[in-house]
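Colleague:
Residue numbers (this note's numbering): 90 to 700.
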């Protein structure tokens, strides 16, 4: 990756002095969209971004106080061993250039400090620099350009100098995919263009793609730096493990780190560059740390869905959930440390050392990243400027996920809270069955019961059951959405994205809901009502017939309130609780004693039918 500045200065890699952070420019077609101000902010007049430069009109004030272009000096100082920073911008035109530091104070809120100012009066393109000792900077650094004439910004970057050579890093990128050829093709082309065509890192980055669907062809990926493996479809877990094994056993390269990427993200390649540079200058006490990227929404690209998470026995606690990254206070608070246990594998980097028999558990999908992060126990590094976008999650949950979420979380809780009484697990199962009942998803209860039964078979279950056949059985259970676009049109149901003000809204059961069992004790409204799949149970109050649908795809299915299912739910719970109380302690002991075998390369090679 070469910036305009590097082209002028000469593109050579000085192992004690190197660029660790480039300014990122949005595509010009994004300048009128919500994407643009996650790169730059401006006042008065709108800039234009064309041909690798930003045109800043006279009287426009352009700021890099944004998610992708603010420089988190405080985090870099904590994680990396840096001696000095030099902030450089390449600009043509007359302007005032300000360098600001911003942090957060619990009492005062956002706190800004001016670090320097330069005045430019020139029709020539010139390089302007601000230099600082690293220990003089504690927070986040950004640049403001007040244009006095029409100006052109060609680039900006942060150069770090250390007292020693950067550590050698070879970064493998692992992607698991299943029938998402177009998305994967886009990601691979971005990586190829950025790193394999003209980058000094071309020999230090490689991509491994586990193709679980077996549908990628040679025309779908570049002929350099990318290895695609046809992989047995044992879920996302199996795909990421295949990438791990390929990187660990590559005879042509000793890969030091691996970065997991989802196959359906929108990627900013500079995130990968910053990840590489951070590990190149990492302090010894953070050498084994995981670097996690933020997850932002595609429908509202400035809204952060997660940034580091914690597992709370029966649910995930997301870090910085719902933060508006266009709000300066949210952006700065986003950089404060938060105690998290893992980061989702949509963007998650880690060292490869000693991984051969420390592989993920064969969970197929879901909870695998949670369990692996907790097992590794390494600190989770996060910072503004590293992240990806993903489609919203509210309405995408298949019935099959009810099985995997319950089974895998029971296994994880057995491993990490083995002394927790079985009664807590029974209560957790009961709450889940009741929730499914209140949403009229009675068939999903059968998936929950199947999950409990399979969990109680212990670690031998994964050695004696074919995961492909199990998945086929699971997919046959539950509900099967069909195209309901015509029906939605007739019902005038909204297919608009969820309103921003409703994102991450917390719903609770009121006294009315509690006294009437969410309307179950009252007569129901007979007409069919369309509800998004991600709705809360309170939205079903007194409804008798419901059409669940995904606004994005237009698929859905109908469910109906059946009062007799309240009694059936109690019977189903009683059956599950009886089994849990009989076998729970022995099952927990089995997983504690034998889970290591399920994490070994020998087990996984047999599981994947390779080697």
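Each residue gets a CB set at the ideal place from its N, CA and C atoms; glycine is no exception. These numbers were taken from a predicted model, which means no experiment stands behind them.
#1: With distances taken between CB atoms, is the gap from residue 240 to residue 182 smaller than 8 Å?
#2: How many angstroms separate the CA atom of residue 249 from the CA atom of residue 160?
#3: Buried or exposed: which applies to residue 697, given that a residue is buried once 16 or more other Cβ atoms fall within 10 Å of its Cβ?
#4: Does the Cβ of residue 581 have 16 or more other Cβ atoms within 10 Å, making it buried, or fewer, making it exposed?
#5: Mapping the DSSP letters down to three states, classify residue 33 as helix, strand or coil.
#6: Buried or exposed: where does residue 126 fall if 16 or more other Cβ atoms within 10 Å of its Cβ makes it buried?
#7: Assign residue 677 to one of three DSSP states: helix, strand, or coil.
#8: Identify the continuous beta strand (DSSP E) that holds residue 477 and give its terminal residues.
#9: If you check the beta carbons only, do residue 187 and residue 143 fall under 8 Å apart?
#10: According to DSSP, which residues form a beta bridge with residue 179?
#11: Restricting to Cα atoms, I'd like to know which of 636, 626, 555, 316 is closest to residue 573.
#12: Are there 16 or more other CB atoms within 10 angstroms of the CB of residue 699, so buried, or fewer, so exposed?
#13: Count the other CB atoms within 10 Å of the CB of residue 507; is the residue buried (16 or more) or exposed (fewer)?
#14: Quick check: the Cα distance between residue 330 and residue 461, rounded to an integer number of angstroms?
#15: For residue 542, which beta-bridge partners are listed by DSSP?
#16: Does the structure place the region 210-224 close enough to the region 155-175 that three or more beta carbon pairs sit under 8 Å?
#17: Answer yes or no: do residue 407 and residue 502 have a C-beta to C-beta separation smaller than 8 Å?
#18: Are there 16 or more other CB atoms within 10 angstroms of the CB of residue 682, so buried, or fewer, so exposed?
#19: From 185, 173, 230, pick the residue whose C-alpha is nearest to that of residue 200; which is it?
#20: Starting from residue 431, follow its DSSP beta bridges and name the residues at the other end.
#21: Run the CB neighbour count on residue 84, radius 10 Å, all protein chains shown included, and call it buried at 16 or more, exposed below.
#22: If you compare alpha carbons, which of 218, 130, 523, 291 is closest to residue 154?
#23: Give every residue of the same chain whose Cβ lies closer than 8 Å to the Cβ of residue 477, excluding the five residues on either side of it in the sequence, and list them in chain order.
#24: Taking all protein chains shown into account, decide if residue 416 is buried (16 or more other Cβ within 10 angstroms of its Cβ) or exposed.
#25: According to DSSP, simplified to helix, strand and coil, what is residue 647?
#26: Helix, strand or coil, according to DSSP, for residue 683 in the structure here?
#27: Would residue 455 pass as a contact of residue 497 if the rule is Cβ separation under 8 Å?
#28: Would you call residue 446 buried or exposed, if buried means 16 or more other Cβ atoms sit within 10 Å of its Cβ?
#29: Tell me where the alpha helix (DSSP H) around residue 207 begins and ends.
#30: Taking 8 Å as the cut-off, does the region 304-324 touch the region 665-682 (at least 3 CB pairs, one atom from each stretch)?
#31: Going straight from the alpha carbon of residue 107 to that of residue 423, what length do you get?
#32: Beta-carbon separation of residue 577 and residue 529 under 8 Å?
#33: Touching or not, the region 558-571 and the region 587-596, by the rule of three or more beta carbon pairs under 8 Å?
#34: Could you round the C-beta distance between residue 463 and residue 505 to whole angstroms and report it? I think they count as a contact, below 8 Å.
Modeller: Looking at the atomic coordinates:
#1: yes
#2: 12 Å
#3: buried
#4: exposed
#5: Residue 33 is absent from the structure shown; the chain starts at 90 and stops at 700.
#6: buried
#7: helix
#8: 476-479
#9: no
#10: 216, 244
#11: 636
#12: exposed
#13: exposed
#14: 11 Å
#15: DSSP lists no partner for residue 542.
#16: yes
#17: no
#18: exposed
#19: 230
#20: 398
#21: Because the chain spans 90 through 700 in this model, residue 84 falls outside it and cannot be assessed.
#22: 130
#23: 350, 351, 354, 355, 356, 357, 360, 382, 383, 384, 385, 435, 436
#24: exposed
#25: strand
#26: helix
#27: yes
#28: exposed
#29: Element bounds for residue 207: not the alpha helix (DSSP H) but the beta strand (DSSP E), 198-209.
#30: no
#31: 27 Å
#32: no
#33: no
#34: 6 Å
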